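Residue numbers (this note's numbering), protein chains in the order written: chain D, 3 to 167; chain B, 3 to 167.
The beta carbon of each residue, even a glycine, is placed where N, CA and C say it ideally should be.
Note that the structure is predicted; figures quoted are calculated from it, not measured.
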DNA sequence: CTTGGAGTGTCAACAAGGCTGACGTACTGT
DNA sequence: ACAGTACGTCAGCCTTGTTGACACTCCAAG
């Protein structure tokens with residue numbers, strides 16, 4: 003791509019280039035959510051259910067407050083989603099051991115199965131995109147995304163990563 | 003960066019790495035929309051208005067059908083948004099010259115002003131992210147995003163780019 | 001041991017922004 | 001003349017977000 007003019011090469015950023023980036027982000031995000039959305043549409047679920055399932059799977063035993071913090075929605079909004087998932091037997095809510103006010107959330111076997119279906123679909127696309135673009139592009143992709151998050155989001159993301167590792 | 007093991011280096015993609023990419027995409031998209039969302043919230047507008055304004059500004063004189071195709075929503079949904087924008091004097095709708103069934107959409111002066119405010123906010127963040135990540139990362143970022151779009155989306159994006167150039 | 005505050009659940013009401021279905025009007029191209 | 005296209009609109013529904021209010025449980029500090 004002609005970045006042969008030194009390591010700290012000049013970064014000309016015309017409004018036109020930035021707008022292309024903005025539009026690429028918009029269209030790519032639509033693609034990114036399209037596959038799980040199609041699966042969810044066949045059930046009575048939406049993207050909000052997917053997010054809840056994803057992060058409960060990510061950090062099993064997480065509390066409601068923690069989830070609220072990650073997702074950035076109101077508890078009423080989350081609770082509506084959570085209730086249907088519990089009723090449908092995808093999520094279990096256990097009273098906390100140390101602090102009995104807290105609820106620790108877990109996916110049931112059925113919940114794990116749905117999570118797998120959804121994230122498989124998403125990973126297929128992500129994997130294909132990574133493969134097409136190549137490893138260096140992937141590293142750059144990740145760096146730009148990290149830089150684009152809000153600071154608090156990056157913190158939450160890091161927290162998740164540490165706990166998961 | 004350790005990409006010194008050849009051009010077509012192996013691309014190990016563990017599920018863990020892919021999940022990190024998925025979460026990064028989620029958090030980054032939230033950051034990406036946060037700034038314009040804050041501005042829109044002060045008026046009676048939402049993200050849907052932003053999208054309409056953006057693409058009308060992008061391709062002035064575009065038709066309703068064209069916009070529907072780009073945005074991927076129903077005409078009822080778009081029309082609700084478009085109507086308020088026209089009523090508020092941000093968008094003008096002119097009967098087509100060659101084909102009088104068509105409506106050509108344009109931003110008014112006021113509409114251009116709002117578009118500038120919104121995209122300025124978005125560009126500031128994008129520019130900062132690009133600067134933090136560096137030019138090579140930006141190229142990679144764009145490559146992965148392109149690969150992540152649906153094929154039709156890529157087509158639309160290209161069409162827009164060609165027309166704009 | 002009481003009491004403030006945190007964590008949680010829930011009711012009610014509302015808004016944005018998607019959707020489907022149906023219908024009407026104006027216009028084009030065959 | 002007529003079928004089909006482009007557009008607008010009415011009505012109704014869903015998901016997912018919001019605010020506000022209230023109740024309950026429980027931990028911790030005074």
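Among the options, which residue has its Cα nearest to the Cα of residue i?
{"i": "residue 61 of chain D", "options": "D:114, D:19 and D:36", "result": "D:114"}
{"i": "residue 147 of chain B", "options": "D:22, D:27 and D:16", "result": "D:27"}
{"i": "residue 87 of chain B", "options": "B:102, B:130, B:63 and B:108", "result": "B:108"}
{"i": "residue 63 of chain D", "options": "D:95, D:118, D:20 and D:30", "result": "D:95"}
{"i": "residue 38 of chain B", "options": "B:118, B:29 and B:20", "result": "B:118"}
{"i": "residue 45 of chain D", "options": "D:22, D:143, D:23 and D:120", "result": "D:120"}
{"i": "residue 101 of chain D", "options": "D:40, D:142, D:67 and D:144", "result": "D:67"}
{"i": "residue 20 of chain D", "options": "B:149, B:130 and B:138", "result": "B:130"}
{"i": "residue 24 of chain D", "options": "B:30, B:24, B:75 and B:116", "result": "B:30"}
{"i": "residue 136 of chain B", "options": "D:144, D:75 and D:116", "result": "D:144"}
{"i": "residue 40 of chain B", "options": "B:122, B:142 and B:138", "result": "B:122"}
Between residue i and the rest of its own chain, which residues show a CB-CB distance below 6 Å, the 5 nearest in sequence each way excluded?
{"i": "residue 83 of chain D", "result": "50, 51 and 54"}
{"i": "residue 77 of chain D", "result": "70"}
{"i": "residue 18 of chain B", "result": "none"}
{"i": "residue 132 of chain B", "result": "140"}
Show which residues of chain D have a CB atom less than 9 Å away from the CB atom of residue i.
{"i": "residue 48 of chain B", "result": "Simply none; closest approach about 15 Å."}
{"i": "residue 121 of chain B", "result": "17, 20, 21 and 24"}
Tell me which residues share the same chain as residue i and place their Cβ nearer than 7 Å to its Cβ, disregarding the 5 neighbours each side in the sequence.
{"i": "residue 48 of chain D", "result": "42"}
{"i": "residue 91 of chain B", "result": "110 and 112"}
{"i": "residue 32 of chain D", "result": "none"}
{"i": "residue 104 of chain D", "result": "65 and 98"}
{"i": "residue 160 of chain D", "result": "none"}
{"i": "residue 116 of chain D", "result": "55 and 92"}
{"i": "residue 14 of chain D", "result": "none"}
{"i": "residue 177 of chain B", "result": "The question about residue 177 of chain B has no answer, for chain B in this structure spans 3 to 167."}
Excluding the five sequence neighbours on either side, which residues of its own chain have a C-beta within less than 8 Å of the C-beta of residue i, listed in chain order?
{"i": "residue 73 of chain D", "result": "53, 54, 57 and 80"}
{"i": "residue 166 of chain D", "result": "Because the pLDDT at residue 166 of chain D is just 43, under 50, the model does not fix this residue reliably, and the point stays unresolved."}
{"i": "residue 158 of chain B", "result": "71 and 72"}
{"i": "residue 34 of chain B", "result": "124, 127 and 128"}
{"i": "residue 93 of chain D", "result": "54, 55, 58, 84, 87, 107, 108, 109, 110 and 113"}
{"i": "residue 16 of chain B", "result": "none"}
Going along chain B in order, which residues have a C-beta closer than 7 Å to the C-beta of residue i?
{"i": "residue 151 of chain D", "result": "29, 30 and 33"}
{"i": "residue 155 of chain D", "result": "29, 32 and 33"}
{"i": "residue 36 of chain D", "result": "152"}
{"i": "residue 70 of chain D", "result": "The contacting residues do not exist; residue 70 of chain D stays about 15 Å from chain B at best."}
{"i": "residue 20 of chain D", "result": "125, 128 and 129"}
Run down chain B in chain order and give the residues with a C-beta less than 8 Å from the C-beta of residue i.
{"i": "residue 159 of chain D", "result": "25, 26 and 29"}
Starting from the beta carbon of residue i, find every residue of chain D whose beta carbon is closer than 7 Å, and list them in chain order.
{"i": "residue 148 of chain B", "result": "26"}
{"i": "residue 15 of chain B", "result": "129 and 132"}
{"i": "residue 145 of chain B", "result": "135 and 139"}
Given that residue i touches chain B, what residues does it touch there, using C-beta distances under 9 Å?
{"i": "residue 130 of chain D", "result": "149 and 150"}
In chain order, each beta strand (DSSP E) run of at least 3 residues that lies wholly inside the segment 87 to 163 of chain D: 93 to 97 and 105 to 109
Inter-stretch contact at 8 Å, needing at least 3 Cβ pairs: the segment 151 to 162 of chain B / the segment 147 to 158 of chain D: The segment 151 to 162 of chain B, when compared against the segment 147 to 158 of chain D, does not touch it at the 8 Å Cβ threshold.
Complete alpha helix (DSSP H) runs within the segment 13 to 81 of chain D (minimum length 4 residues, chain order): 17 to 44, 49 to 60 and 66 to 73
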